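Asks: After the structure tokens below, expect a handful of questions from me.
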Amino acid sequence: MEKFIQLSMSGVSNGAILALVALGFVLIFKSSDVINFAQGELLMIGSYLTYTAIEQFGLFWPLGVVVAVALSAVAGVLIEQLVLRPLIGEPVISVIMITIGLSSLLRAIIGAIWGVSPLPSPKFIPTDTINILGASVGANRLWAIGLSIVLLTALTIFFRRSNDGIAMRAVADDQQAALSMGISIKHVWAVSWAIAAVTAAIGGILLASIFGGVGASIGRVGLLVFPVVILGGLDSIPGAIVGGLIIGLLQSYAGGYLPPELGMGEVAPFIILIFILLVRPYGLFGQKIIERV
Amino acid sequence: MLTLNNIEVMYNDVVLVLKGLSLQVDEGKIVALLGSNGAGKSTTLKAISGLLKPDNGEVTDGEVIFDGQSIAKRDAADIVRLGIFQVMEGRRVFEHLTVEENLRAGAYTRRGGNFASDLELAYTYFPRLKERRSQTAGFLSGGEQQMLAIGRAMMAHPRVIMLDEPSLGLAPLLVGEIFRIIKRINQEQGTTILVVEQNARLALDAADHVYIMENGRIVLDGSPAELKDNADVREFYLGLNEVGKRKSYREVKHYKRRKRWLS
């Protein structure tokens, strides 16, 4: 039982982080049809910037996190403006190749600034363990769950209620029609990259605390975004959340209950990815085209 | 208030669709633009609203003047802010958004405006939308979607609404209703209307002034009364022969010959 609770808690916390990261990915895809292969690097940028803000500049940690997140948002907007905007109207495959190139480039830049060997995690979110029903769970995992819930709720309200949120969904639905009512598509793209960078940065920061270090392993989590969004549906925000939790839990259970030499914790999400693509390519909540009969 | 002077529009740098088109829309009037498929009616509207870019089109010559300023090079968002709103062909509602969210999207350029009262105003013209306010727009009927598209335009408080074939794909009864509402908006709100139609009878009944297009040019214009008396209009657009009877299908061949002469 303790093992189950322990695995569940770590699954939910990983899942919550995945949901955050996937949300940013879905947002970019919805508003601009760009499949962003550099999502993992956005995670790394967030965690490295936090490291610098807290450890090198000695900022009080909540302030350091806020600064790092703000800088990440700026980085996201810059990427959109410098790299993706010139590609408007180019074929999808070119854009995909560009984001793959971008991920290598960002990795190289990070390596040049911070070096390639992992750095210790900055001391910020408490990491002591808390006893829940006999299982010991890291406080940072509870932080991850709490923070993700707050952010996901805030973003959901943003999409439903705010003018910018509705404009973003309008652009996702019909770009030209959105243009015809004066919605600036460039503004929407900039906002979606900013949000994606912010959620990724926060995900990266939480992972840094959970992994106990800042390094390339955080970037590899970015790869897990693909099973999440394929499962949830590439263009669905609730799908990203549910998909994130399912993949997080699955990874945790598969790693905990199956023999470790199989390495199922790493593999299971991608088995799901292939399976979903075979039976339900638009995912659990992906938009099917509404057809009036 | 809105003047097009000899405009030329080219698509993909090769296809010349508008070949020196001029027209004028006076404030507070309903102006109709008639023409057959491919005459360039939609292109004319897009040239005004700045929506040619996504279609790879461009105004290559001539000028579009709104309230004394040239707007040919402005982008779509600026033009909406200046007060020209195009309701695109085929309704183009945001299918996955609710009715009310669609209306909010229409009010995007009116930050700081009173959204609630604007919404009530749109609902007084389209009470059906109020009943369906929280429904997903994609599941509305065609007529309701057209109402939503026009309501969405009203939310931006434009001075000119340009409607691209509002009758497209709708039952005749609904088309009548929609045109009545358009007339009401024109009279009560003082909104200038530029409407593109293929349905000549409708356009001649609703408009104050009518332009007829063929092949990227205006070939005829005048008040509806004048045009209803014009032999060519009667024959080609209303399907009546000189005596006023329905014409026989055999004479349709004549249409092409005369049309060539017209353009």
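So the sequence lines, in the order shown, correspond to chains S and R.
Sequential numbering from 1158 applies to the first sequence in our numbering.
Sequential numbering from 910 applies to the second sequence in our numbering.
Ideal Cβ positions, reconstructed from N, Cα and C, are used throughout, including at glycine.
As the structure is a prediction and not an experimental result, all values here were calculated from the model.
What first and last residue would you give for the beta strand (DSSP E) that runs through Thr-969(R)?
Replies: Taking the second sequence and counting its residues from 1, the one referred to as residue 969(R) is at position 60. Counting along the chain, the beta strand (DSSP E) containing Thr-969(R) begins and ends at 966 to 975.
Asks: Taking the runs of the alpha helix (DSSP H) that are 4 residues or longer, which of them lie wholly in the segment 1175 to 1219 of chain S?
Replies: 1196 to 1208, all fully within the segment 1175 to 1219 of chain S.
Asks: What would DSSP say about Tyr-1439(S), mapped onto helix, strand or coil?
Replies: Residue 1439(S) sits at position 282 when you count from the first residue of the first sequence. It is coil, neither helix nor strand.
Asks: Per DSSP, what are the beta-bridge partners of Gln-1055(R) in this structure?
Replies: Residue numbering aside, residue 1055(R) sits at position 146 when the second sequence is read from its first letter. Bridge partners of Gln-1055(R): none, in fact.
Asks: Is any beta-carbon of chain S found at less than 8 Å from that of Ala-1080(R)?
Replies: The residue given as residue 1080(R) occupies position 171 in the second sequence. No, its Cβ sits nowhere closer than 8 Å to a Cβ of chain S.
Asks: Return the CA-CA distance between Phe-1368(S) and His-1005(R), expressed in angstroms with no decimal places.
Replies: If you number the first sequence from 1, residue 1368(S) lands on position 211. If you number the second sequence from 1, residue 1005(R) lands on position 96. Approximately 39 Å between the Cα atoms of the pair.
Asks: Can you pull the chain R residues whose beta carbon is under 8 Å from the beta carbon of Ser-1341(S), in chain order?
Replies: Numbered from 1 along the first sequence, position 184 holds the residue referred to as residue 1341(S). The answer, in chain order, is Ala-986.
Asks: If distances are taken between C-alpha atoms only, which option among Leu-1012(R), Pro-1036(R) and Thr-1018(R) comes closest to Ala-1025(R)?
Replies: Locating residue 1025(R) in the second sequence gives position 116, counting from the first residue. Looking at the Cα atoms, Leu-1012(R) is the closest of the given residues.
Asks: So Pro-963(R) contacts chain S; which residues on that side make the cut at Cβ distance below 8 Å?
Replies: Within the second sequence, the letter at position 54 stands for residue 963(R). Within 8 Å Cβ-Cβ: Gln-1332, Gln-1333 and Leu-1336.
Asks: Just to confirm my understanding: we take Arg-1042(R), look at its own chain, exclude 5 residues before and 5 after, and list those with CB closer than 6 Å. What are they?
Replies: On the second sequence, position 133 is the one that residue 1042(R) refers to. Taken in chain order, the residues that qualify are Val-1008 and Glu-1009.
Asks: Please classify Leu-1308(S) as buried or exposed, where buried requires at least 16 other C-beta atoms within 10 Å of its C-beta.
Replies: Position 151 of the first sequence, counted from the first residue, corresponds to residue 1308(S). Result: buried.
Asks: Along the chain, where does the beta strand (DSSP E) containing Gln-1333(S) start, and where does it finish?
Replies: Within the first sequence, the letter at position 176 stands for residue 1333(S). Looking at the DSSP string, Gln-1333(S) is not in any beta strand (DSSP E); the run it does join, the alpha helix (DSSP H), is 1332 to 1337.
Asks: Under 8 Å, Cβ to Cβ, is there at least one residue of chain S near His-1005(R)?
Replies: As a first step, residue 1005(R) is located in the second sequence; it is residue number 96 there, counting from the start. His-1005(R) counts as touching chain S.
Asks: Report buried or exposed for Val-1273(S), applying the criterion of at least 16 other Cβ atoms within 10 angstroms of its Cβ.
Replies: Counted from its first residue, the first sequence places residue 1273(S) at position 116. Burial call: exposed.
Asks: Provide the residue span of the alpha helix (DSSP H) that contains Thr-1256(S), from first to last.
Replies: Here residue 1256(S) corresponds to residue number 99 of the first sequence, with the count starting at 1. Taken as a continuous stretch (DSSP letters only), the alpha helix (DSSP H) holding Thr-1256(S) covers 1249 to 1271.
Asks: Taking the beta strand (DSSP E) that Thr-1101(R) belongs to, which residues open and close that run?
Replies: Working through the second sequence from its first residue, we reach residue 1101(R) at position 192. 1101 to 1106 is the extent of the beta strand (DSSP E) around Thr-1101(R).
Asks: Name the chain S residues whose beta carbon is nearer than 9 Å to that of Tyr-920(R)?
Replies: As a first step, residue 920(R) must be located in the second sequence, where it is residue number 11. Here the premise fails: no neighbours, minimum Cβ distance about 14 Å.
Asks: Please identify the residue among Gln-1238(S), Phe-1217(S), Leu-1406(S) and Ile-1202(S) whose C-alpha is closest to the C-alpha of Ile-1342(S).
Replies: If you number the first sequence from 1, residue 1342(S) lands on position 185. Answer by Cα proximity: Gln-1238(S).
Asks: To the nearest angstrom, report how far apart Gly-1221(S) and Ala-1210(S) are at their CA atoms.
Replies: For this step, residue 1221(S) is matched to residue 64 along the first sequence. For this step, residue 1210(S) is matched to residue 53 along the first sequence. Roughly 5 Å between the two C-alpha positions.
Asks: Is the segment 1200 to 1214 of chain S touching the segment 1258 to 1271 of chain S, taking contact as three or more C-beta pairs under 8 Å?
Replies: Short answer: they touch.
Asks: Strictly below 8 Å CB to CB, what residues from chain S border Tyr-1032(R)?
Replies: Within the second sequence, residue 1032(R) is the residue found at index 123, counting from 1. The premise fails here: Tyr-1032(R) is roughly 18 Å from chain S at the closest Cβ pair, so nothing lies under 8 Å.
Asks: List, from N- to C-terminal side, the beta strand (DSSP E) runs of 3 residues or more that fit wholly inside the segment 1089 to 1145 of chain R.
Replies: Segments of the beta strand (DSSP E) lying fully in the segment 1089 to 1145 of chain R: 1101 to 1106, 1118 to 1123 and 1126 to 1131.
Asks: The beta strand (DSSP E) that contains Ala-1411(S), what's its start and end?
Replies: In the first sequence, residue 1411(S) corresponds to position 254, counting from 1. Per DSSP, Ala-1411(S) belongs to no beta strand (DSSP E); it is in the alpha helix (DSSP H), 1394 to 1414.
Asks: I'd like the list of long-range same chain contacts for Val-918(R), defined as Cβ closer than 6 Å, with 5 residues on each side in sequence excluded.
Replies: Stepping through the second sequence from its first residue, residue 918(R) is reached at position 9. Around Val-918(R): Val-926, Leu-927, Thr-952, Ala-956, Gly-966 and Val-968.
Asks: Taking three-plus beta-carbon pairs below 8 Å as touching, is the segment 984 to 1000 of chain R in contact with the segment 1331 to 1347 of chain S?
Replies: Yes: at least three Cβ pairs fall under 8 Å.
Asks: With DSSP as the reference, please indicate the residues paired to Ile-1287(S) in a beta bridge.
Replies: Residue numbering aside, residue 1287(S) sits at position 130 when the first sequence is read from its first letter. Beta-bridge pairing links Ile-1287(S) to Val-1294(S).
Asks: With DSSP collapsed to three states, give me the class of Leu-930(R).
Replies: Your numbering for residue 930(R) matches position 21 in the second sequence. If DSSP states are grouped into helix, strand and coil, Leu-930(R) belongs with the strands.
Asks: Output the boundary residues of the beta strand (DSSP E) element that contains Glu-936(R).
Replies: Here residue 936(R) refers to the residue found at position 27 when the second sequence is read from its first residue. From DSSP, Glu-936(R) is part of no beta strand (DSSP E); its letter is neither H nor E.
Asks: For Arg-1037(R) and Gly-977(R), I'd like the C-alpha separation in whole angstroms.
Replies: The residue you call residue 1037(R) lines up with position 128 of the second sequence. The residue you call residue 977(R) lines up with position 68 of the second sequence. Looking at the two C-alpha atoms, the distance is approximately 38 Å.
Asks: Suppose the cutoff is 6 Å on Cβ atoms and the five residues either side in sequence are ignored; what does the same chain contact list for Gln-1163(S) look like?
Replies: Reading the first sequence from its first residue, position 6 is the one you call residue 1163(S). Closer than 6 Å at the Cβ level, and outside the excluded window around Gln-1163(S), lie Ala-1292.
Asks: Excluding the 5 residues flanking Ala-1179(S) on each side, which residues of the same chain have their C-beta closer than 6 Å to its C-beta?
Replies: The sequence position of residue 1179(S) within the first sequence is 22, counting from 1. Excluding positions up to five away in sequence, the list reads Val-1382, Val-1385, Val-1386, Ala-1397 and Gly-1401.
Asks: Just list the residues that DSSP pairs Leu-1276(S) with in beta bridges.
Replies: Here residue 1276(S) corresponds to residue number 119 of the first sequence, with the count starting at 1. Paired residue(s): Val-1371(S).
Asks: Short check: CB of Ile-993(R) to CB of Ser-958(R), under 8 Å?
Replies: For this step, residue 993(R) is matched to residue 84 along the second sequence. For this step, residue 958(R) is matched to residue 49 along the second sequence. Yes, Cβ-Cβ distance for Ile-993(R) and Ser-958(R) is below 8 Å.
Asks: Sort Gln-1098(R), Ala-1112(R) and Glu-1144(R) by Cα distance to Gly-937(R) and report the nearest one.
Replies: The residue labelled residue 937(R) in the question sits at position 28 within the second sequence. Of the listed residues, the one whose Cα sits closest to Gly-937(R) is Gln-1098(R).
Asks: Taking Cβ positions only, does Ile-1323(S) come closer than 8 Å to chain R?
Replies: On the first sequence, position 166 is the one that residue 1323(S) refers to. Yes, Ile-1323(S) counts as interfacial toward chain R.
Asks: Closer than 9 Å by beta-carbon distance: list the chain R residues that pair up with Arg-1326(S), in chain order.
Replies: The count along the first sequence starts at 1 and reaches residue 1326(S) at position 169. Within chain R, the residues near Arg-1326(S) are Phe-1003, His-1005, Leu-1006, Glu-1010 and Ala-1014.
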